[in-house]
Ligand code: C2E
Ligand code: MG
Ligand code: MG
Ligand code: MG
């Protein structure tokens, strides 16, 4: 250890493990600071209809504009935020920014598509998500149909009474509900049916398998048929090639999201997505 200052401040410059242990609390403080100083923002990734080529919606994804490290991706701070409970503040900031942006686009008179936000299980447990959403919609004078809520399959299965109660209220309010990362957890099909989701987002692990093995196609088709029979639309996540898009369209998948269309971009770069029609062949 090297003593770096007069206080009891030891840093392990060469011991990776020790540094990791030490940095956890440090990282939490840093994230807290970031939340208080406006360093957390959002980028948007379009979701496109395979039938019309039009953008149906955009997903808001959190980004940390770190003063020295630059743009930090969610994988580096969302898990920490969930562990520490800071996810409630992250979610609140994302919600406010999404609503403010929707209001800005509406005021500018441009075509507006709904935006989805990701809500963590911990957020449902620690706060009144529905009240926050209602207040934000009211504050920015937005129609609930402009907001969509994504919860992962594992959140759905977390058996939190408040998750089910909240989803029910959101659905009655007119907010679109999506299951995120479907296929990575252990869903009960009856729960899927009961909870009345509008859209099923199939995890990119399944998209990857398309074109790799024939069973991948069979599996995806089966998921699509199941979702359609429950009245849900299907989105394929992580679509990167024309070949995947073509196969998905043949399988009657409804929408795609992925680098083939665009990675997540800042708000200023979204306009082309809502005005343009993608040609997917
Ligand atoms: P997610 O909700 O499943 O979001 C999709 C992730 O896949 C995004 O990563 C997106 O950039 C990435 N992605 C999209 N298309 C492609 C593709 O074609 N190829 C590949 N390889 N990746 C693609 P991102 O932005 O790094 O977010 C990661 C995860 O962090 C999200 O997964 C979500 O679970 C979580 N997250 C992000 N923002 C928030 C937030 O505001 N609140 C909460 N609770 N979680 C968030
Ligand atoms: Mg998502
Ligand atoms: Mg996902
Ligand atoms: Mg994911």
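Numbering (the UniProt record's numbering), first residue to last: 617 to 897. Cβ atoms here follow ideal geometry from the backbone N, Cα and C, with glycine treated the same way. Every value quoted in this text rests on a predicted model; they were computed, and no experiment measured them.
Check your understanding: Would you say residue 893 faces chain B, with C-beta separation under 8 Å as the test?
Key -> Of the chains in the structure shown, none is chain B; there is only one protein chain.
Practice item. Identify every run of the beta strand (DSSP E) within the region 729 to 776, keeping only runs that are complete inside it and at least 3 residues long; order them along the chain. Key: 731 to 734 and 763 to 768
Check your understanding: If you follow the beta strand (DSSP E) that residue 661 is part of, which residue opens it and which one closes it?
Key -> 656 to 665
Practice item. Write down every uninterrupted run of the alpha helix (DSSP H) in the region 828 to 857 whose length is 4 residues or greater and which is fully enclosed by it, in chain order. Key: 830 to 845
Check your understanding: Who does residue 813 pair with in a DSSP beta bridge?
Key -> Answer by DSSP bridge pairing: none, since residue 813 is not bridged.
Point to revise | Which residues DSSP lists as bridging residue 793, in chain order | key: Answer by DSSP bridge pairing, in chain order: 765.
Review point. According to the Cβ coordinates, are residue 896 and residue 669 closer than 8 Å?
Key: yes
Point to revise | For residue 843 and residue 816, believed in contact at Cβ under 8 Å, the rounded distance | key: 4 Å
**Study point:** Secondary structure, alpha helix (DSSP H): runs of 4+ residues fully inside the region 685 to 736
**Key:** For the region 685 to 736, whole alpha helix (DSSP H) runs of length 4 or above, ordered along the chain, are 694 to 700 and 703 to 723.
Check your understanding: Alpha carbon to alpha carbon, what distance is there between residue 837 and residue 851?
Key -> 12 Å
Practice item. Please state whether DSSP places residue 800 in a helix, a strand or coil. Key: coil
Check your understanding: Does ligand 2 have even one heavy atom less than 7 Å from the beta-carbon of residue 766?
Key -> yes
Exercise for review: Could you tell me the distance, in whole angstroms, from the CA atom of residue 628 to the CA atom of residue 698?
Suggested key: Unreliable placement is indicated for residue 628, whose pLDDT of 48 sits below 50; no coordinate value is reported for it.
Check your understanding: Any heavy atom of ligand 1 closer than 7 Å to the Cβ of residue 718?
Key -> no
Review point. For residue 893, which three-state DSSP category applies?
Key: Coil at residue 893, not helix or strand.
Point to revise | Start and end residues, beta strand (DSSP E) containing residue 668 | key: Residue 668 -> no beta strand (DSSP E), and no H or E assigned at all.
Point to revise | Distance between residue 789 and residue 748 (C-alpha atoms, nearest Å) | key: 13 Å
Check your understanding: Going by alpha carbons, who is nearest to residue 743 out of 729, 777, 874 and 722?
Key -> 777
Exercise for review: Classify residue 855 as buried or exposed, calling it buried when 16 or more other Cβ atoms lie within 10 Å of its own Cβ.
Suggested key: Here residue 855 is buried. Its C-beta has 16 or more other C-beta atoms within 10 Å.
Check your understanding: Relative to the C-alpha of residue 795, which residue among 818, 780 and 782 is closest?
Key -> 818
Review point. Would you say the beta carbon of residue 710 comes nearer than 7 Å to a heavy atom of ligand 1?
Key: yes
Exercise for review: Work out the CA separation of residue 766 and residue 733 for me, nearest whole Å.
Suggested key: 6 Å
Review point. Near residue 801, which residues of its chain fall below 6 Å by C-beta distance, leaving aside the five closest residues on each side in sequence?
Key: 769, 770 and 773
Point to revise | Where residue 806 sits in the DSSP three-state scheme | key: helix
Review point. Of the choices 892, 791, 834 and 870, whose alpha-carbon is the least far from that of residue 848?
Key: 870
Exercise for review: Identify every residue that forms a DSSP beta bridge with residue 649.
Suggested key: DSSP output for residue 649 lists no bridge partner at all.
Check your understanding: Any heavy atom of ligand 3 closer than 7 Å to the CB of residue 698?
Key -> no
Check your understanding: residue 882 to residue 661, Cα distance in whole Å?
Key -> 9 Å
**Study point:** Selection from 679, 756 and 725 that minimises the alpha carbon distance to residue 712
**Key:** 756
**Study point:** Burial state of residue 687, where buried means 16 or more other Cβ atoms lie within 10 Å
**Key:** By the neighbour-count definition (other C-beta atoms within 10 Å, threshold 16), residue 687 is an exposed residue.
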